[in-house]
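*Asks:*
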Amino acid sequence: MTRGYWSIVCVLLGVFAVALANAVGLWWLGYLIGAVLAIWIRPSLAGLAVLLGWGAGFMQSAIGDNLSGSARVVALLAGLPASLGPALVAIALILAFLEGWLPAILARRVLTIARRPKAAN
Numbered sequence: 068m069t070r071g072y073w074s075i076v077c078v079l080l081g082v083f084a085v086a087l088a089n090a091v092g093l094w095w096l097g098y099l100i101g102a103v104l105a106i107w108i109r110p111s112l113a114g115l116a117v118l119l120g121w122g123a124g125f126m127q128s129a130i131g132d133n134l135s136g137s138a139r140v141v142a143l144l145a146g147l148p149a150s151l152g153p154a155l156v157a158i159a160l161i162l163a164f165l166e167g168w169l170p171a172i173l174a175r176r177v178l179t180i181a182r183r184p185k186a187a188n
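The sequence shown runs 68 to 188 under our numbering.
Here you go:
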């Protein structure tokens with residue numbers, strides 16, 4: 068299997084894992100999944116996988132409900148004007164990408180430092 072196909076498989080597995088974790092209430096696993104994916108694929112792809120998985124979990128919970136309507140309800144519950152609902156969804160999507168991308172960057176840096184040859188004294 069070539070590297071491109073392997074990246075696609077890793078992203079799809081990451082999307083499924085994050086969506087499943089969000090469905091059972093383990094939203095924090097997105098950080099761990101993003102970091103683990105960074106071992107095999109680029110951090111930006113790990114962030115994309117977490118973003119898509121988070122979006123899939125969010126859409127799963129919004130089935131039967133208008134997404135913008137539910138966003139307005141969330142804004143109202145937070146004490147904000149209802150017109151900020153769609154903006155909150157956009158902010159949440161950006162944060163979901165960062166949830167996968169930042170741990171992936173950190174994991175990649177740690178692996179890079181660990182693989183450097185040690186200097187002889």
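Note that the Cβ used here is the ideal one computed from N, Cα and C, for glycine as well.
DSSP three-state label for V78, please.
*Replies:* On the sequence shown, residue 78 is found 11 positions in, with the first residue counted as 1. If DSSP states are grouped into helix, strand and coil, V78 belongs with the helices.
*Asks:* Going by C-alpha to C-alpha distance, which of W121, S111, L104 sits closest to V91?
*Replies:* Start at 1 with the first residue of the sequence shown, and residue 91 comes out as number 24. The candidate whose alpha carbon is nearest that of V91 is W121.
*Asks:* According to DSSP, simplified to helix, strand and coil, what is A123?
*Replies:* For the purposes of this step, residue 123 is identified with residue 56 of the sequence shown, where counting begins at 1. If DSSP states are grouped into helix, strand and coil, A123 belongs with the helices.
*Asks:* Are the beta-carbon atoms of A116 and V82 separated by less than 7 Å?
*Replies:* In the sequence shown, counting from the first residue as 1, residue 116 sits at position 49. In the sequence shown, counting from the first residue as 1, residue 82 sits at position 15. Cβ atoms of A116 and V82: closer than 7 Å.
*Asks:* Distance, Cα to Cα, L96 vs P184?
*Replies:* By 1-based counting over the sequence shown, the position of residue 96 is 29. By 1-based counting over the sequence shown, the position of residue 184 is 117. Near 32 Å, if we compare the C-alpha coordinates of P184 and L96.
*Asks:* Within 10 angstroms of its Cβ, does V85 collect 16 or more other Cβ (buried), or is it exposed?
*Replies:* Residue mapping note: residue 85 aligns to position 18 of the sequence shown, counting from 1. Buried: at least 16 other Cβ atoms inside 10 Å.
*Asks:* Rank I180, A159, R175 by C-alpha distance to the C-alpha of L189 and give the top, closest one.
*Replies:* As shown, the chain starts at 68 and ends at 188. That puts residue 189 outside it, with no answer to give.
*Asks:* Just verifying my parser: in three-state terms, what is the DSSP assignment at R182?
*Replies:* Here residue 182 refers to the residue found at position 115 of the sequence shown. Here R182 sits in helix by DSSP.
*Asks:* Evaluate A157 with the Cβ neighbour count: other Cβ atoms within 10 Å of its Cβ, from every protein chain shown; 16 or more gives buried, anything less gives exposed.
*Replies:* By 1-based counting over the sequence shown, the position of residue 157 is 90. Exposed.
*Asks:* Is it buried or exposed for V78, if we count other Cβ within 10 angstroms and need 16 for buried?
*Replies:* Here residue 78 corresponds to residue number 11 of the sequence shown, with the count starting at 1. The residue is buried, with at least 16 neighbouring Cβ atoms inside 10 Å.
*Asks:* Sorted by chain position, which residues of the same chain lie with C-beta nearer than 8 Å to L165's C-beta, five sequence neighbours on each side aside?
*Replies:* Counted from its first residue, the sequence shown places residue 165 at position 98. Hits under 8 Å: G114.
*Asks:* Using the Cβ count rule (16 or more neighbours within 10 Å means buried), how would you classify I172?
*Replies:* Here residue 172 is taken as the residue at index 105 of the sequence shown, counted from 1. I172 is buried by the Cβ-count criterion.
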